[in-house]
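Numbering (the numbering used here), first residue to last: 431 to 722.
Next comes the structure, spelled out in structure tokens:
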């Protein structure tokens, strides 16, 4: 089989992506100023590219698959297959928003006030479509960087910028007047390769499965406990589970062992309830991978 050419995003998503691949079992290393990467998988040929470019190269077939944002898929109007989203509640791959922002002291209060104004952004095509949809005529220019500074300095009337928490906008004395789109990180595939190359499809599906299982595992934990048979029903009523909890006999008569997978953010509420219902020896384990 020819190697699967996969693109990983350079820049703000790079460290997060390398971390995710590590959790999925892949070791990746990069040489300074090189777009080619090393990976401990002979069937993969990874490249490090700007996320803005990845949808273009995946669509043309120069790459078989890659990780990029939904925003850049829409910006390039790329005809690619989105195999799935890669978003989770850790410190990476959170959903982000593209918003229209102006100076706090600006007379621009809403979308209507943008009529005839100048807007700077890296997301030009999506912004133009958004304005057209809202029947607003404004000039949109491509920004090569320092976008927030341009509106703060008065070079342009507004910007369309990416934000996660909004703190950077506030720090630059800007206010949001509208949301253009929400974006998530996606795993994309060349449609022709995925449809016609069975071996590559199998490998691509395998990589995506491992990445997704690593993401899903972070949000879940395995908890184990011992319960007297007389308290079993009370404990089972409290426990959520992917399916049904596993219940097995202990060597000690009239005692059972229970184990199940639950959401990480629910554990702090569950443990006191389980203890109150008669559970003992409660243990919580982190998971490396979780395949549904």
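Yeah, the Cβ is synthetic: ideal placement off N, Cα and C, and Gly gets one too.
Exposure of residue i, with buried meaning 16 or more beta-carbon neighbours within 10 Å
i: residue 655; result: buried
i: residue 490; result: exposed
i: residue 521; result: Confidence is the limiting factor: at residue 521 the pLDDT is only 43, short of 50, which leaves the residue's position unreliable and the question unanswerable from this model.
i: residue 680; result: exposed
i: residue 502; result: buried
i: residue 678; result: exposed
i: residue 505; result: buried
i: residue 465; result: exposed
i: residue 684; result: exposed
i: residue 642; result: buried
i: residue 550; result: buried
For residue j and residue i, the rounded distance between their alpha carbons
i: residue 481; j: residue 565; result: 30 Å
i: residue 498; j: residue 706; result: 46 Å
i: residue 561; j: residue 568; result: 8 Å
i: residue 519; j: residue 615; result: Note that residue 519 scores a pLDDT of 47, beneath 50, so its modelled location is shaky; the value from the coordinates is reported in the next line. Computed Cα separation, rounded: 13 Å.
i: residue 528; j: residue 468; result: 33 Å
i: residue 644; j: residue 716; result: 11 Å
i: residue 650; j: residue 719; result: 9 Å
i: residue 581; j: residue 607; result: 14 Å
i: residue 435; j: residue 630; result: 10 Å
i: residue 699; j: residue 721; result: 25 Å
i: residue 621; j: residue 585; result: 42 Å
i: residue 431; j: residue 627; result: 10 Å
i: residue 638; j: residue 462; result: 27 Å
i: residue 500; j: residue 444; result: 16 Å
i: residue 657; j: residue 691; result: 17 Å
i: residue 682; j: residue 697; result: 27 Å
i: residue 613; j: residue 578; result: 19 Å
i: residue 538; j: residue 532; result: 7 Å
i: residue 659; j: residue 450; result: 41 Å
i: residue 623; j: residue 494; result: 7 Å
i: residue 417; j: residue 452; result: The requested residue 417 does not occur in the structure, where the chain is confined to residues 431 to 722.
i: residue 392; j: residue 694; result: An answer regarding residue 392 cannot be provided, because it is not within the stretch 431 to 722 covered by the chain.
i: residue 599; j: residue 542; result: 21 Å
i: residue 636; j: residue 686; result: 37 Å
i: residue 625; j: residue 676; result: 39 Å
i: residue 596; j: residue 602; result: 10 Å
i: residue 617; j: residue 511; result: 9 Å
i: residue 479; j: residue 460; result: 12 Å
i: residue 674; j: residue 666; result: 9 Å
Residue closest to residue i, alpha-carbon to alpha-carbon, out of the options
i: residue 477; options: 693, 440 and 506; result: 440
i: residue 433; options: 531, 668, 470 and 450; result: 470
i: residue 669; options: 574, 652 and 508; result: 652
i: residue 661; options: 646, 628, 709 and 701; result: 709
i: residue 484; options: 466, 623 and 508; result: 508
Whole-Å CB distance - residue i paired with residue j, under 8 Å assumed
i: residue 513; j: residue 610; result: Not confirmed; about 25 Å, so no contact.
i: residue 559; j: residue 570; result: The Cβ separation is near 10 Å, so there is no contact.
i: residue 552; j: residue 572; result: 7 Å
i: residue 525; j: residue 517; result: 6 Å
i: residue 544; j: residue 588; result: 6 Å
i: residue 604; j: residue 534; result: 7 Å
i: residue 640; j: residue 454; result: 4 Å
i: residue 496; j: residue 488; result: 5 Å
Proximal residues to residue i (C-beta, below 7 Å), its chain only, five neighbours per side dropped
i: residue 703; result: 668
i: residue 448; result: 458
i: residue 442; result: none
i: residue 594; result: 524 and 526
i: residue 714; result: 651, 653 and 697
i: residue 701; result: 712
Cβ neighbours of residue i in the same chain (closer than 6 Å, five flanking residues each side left out)
i: residue 633; result: 434 and 473
i: residue 530; result: 588, 590, 607 and 608
i: residue 646; result: 720
i: residue 475; result: 433 and 435
i: residue 555; result: 505
i: residue 548; result: 569, 586 and 587
i: residue 689; result: 654 and 676
Residue-level contact to chain C via CB, residue i, 8 Å cutoff
i: residue 539; result: The question asks about chain C, but that chain is absent: this structure has only one protein chain.
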